[in-house]
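A quick write-up on the structure given underneath.
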Amino acid sequence: MPLYFTLVRLFPTGPEISLRLPSMLAGLSGIAFMIGIVLRLHKNYTLALLAGALLAFNPFHIWYSRMARPYALLFLLSLLVSYFFLVLLRGNRSRIVWIGFLLSSVAVYLTHYFAAALPIAQYILFAFILRGHRGFFRRWIIVQAVAVVPVLVWLYALAQQPVVAMNIVWIPRPSLNDLVLTIWNMTL
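Quick note on numbering: numbering that gives the first Met the number 0 labels position 63 of the sequence shown as 62, and the sequence is numbered without any gaps.
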């Protein structure tokens, strides 16, 4: 998806750090947002700092914040979408919250395909827990429909490109040793 790679182009080219800088900034911002969101939702400084510390020392978060890939940005934007959704669930359905939910949804959907898990999880909440909130559900559906339009435009533009074989022969086939090493690295 185009958002991360567009952001990477905004940074100066040069050493490898310039490619990793957007992910690092997204990872650090994710920690700050986690602290802020927990503080705002629960009004508990200790809990907010604990959540931030757990995220800051999480091996996955560190790993993905060091990669020149969109995963740290995906986390940050997923956190924003989830925050706005929780604010809407708690009853603050002001226009500014809906706009924040829409813009963060557009951004996360343009970051990675796995962001499709967010509206699926939200829909499951509506299906099993929030059955009586029909007006809220209708507005949510409209926002999701609007948020997916830029993705559809991107996919249409991508489909218009000449077909190039998706060969990834440059990636070595992982061995059992690689799997064990990855699990070891992620549990430290």
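A virtual CB, placed ideally from N, CA and C, is assigned to each residue, including glycine.
Source: prediction; values computed, not measured.
Tell me whether the beta-carbon of residue i lies closer than 8 Å to the beta-carbon of residue j.
i      : j      : result
Phe135 : Leu73  : no
Gly35  : His60  : no
Leu79  : Phe127 : no
Trp97  : Arg133 : no
Leu18  : Ala67  : yes
Ser77  : Val37  : no
Gln121 : Phe84  : yes
Val105 : Pro161 : no
Arg65  : Ser22  : yes
Pro69  : His111 : yes
Ser28  : Leu102 : no
Val147 : Phe100 : no
Pro58  : Asn184 : yes
Given a threshold of 16 other Cβ atoms within 10 Å of its Cβ, counted over all protein chains shown, does residue i qualify as buried or as exposed?
i      : result
Ile123 : exposed
Val145 : exposed
Thr186 : exposed
Gly51  : buried
Ser174 : exposed
Val86  : buried
Ala158 : exposed
Val7   : buried
Ala115 : exposed
Ala71  : buried
Ala156 : exposed
Tyr63  : buried
Could you tell me how far apart the beta carbons of residue i and residue j are, in whole angstroms, since I believe they sit closer than 8 Å?
i      : j      : result
Ile16  : Ala55  : The Cβ separation is near 20 Å, so there is no contact.
Leu20  : Phe10  : 6 Å
Trp153 : Leu109 : 7 Å
From what residue to what residue does the alpha helix (DSSP H) around residue i run?
i      : result
Phe4   : 1-9
Thr186 : 175-186
With a threshold of 7 Å, establish whether the CB of residue i neighbours any heavy atom of the ligand NAD.
i     : result
Gly90 : Looking for the ligand NAD in the displayed structure turns up nothing, as the structure carries no ligands at all.
Problem - Complete alpha helix (DSSP H) runs within the region 37-65 (minimum length 4 residues, chain order) - result: Entirely contained in the region 37-65, the alpha helix (DSSP H) runs reaching 4 residues are, in chain order, 44-55, 58-64.
Which runs of the alpha helix (DSSP H) spanning at least 4 residues fall entirely within the region 63-136, listed in chain order? 70-88, 94-108, 116-127
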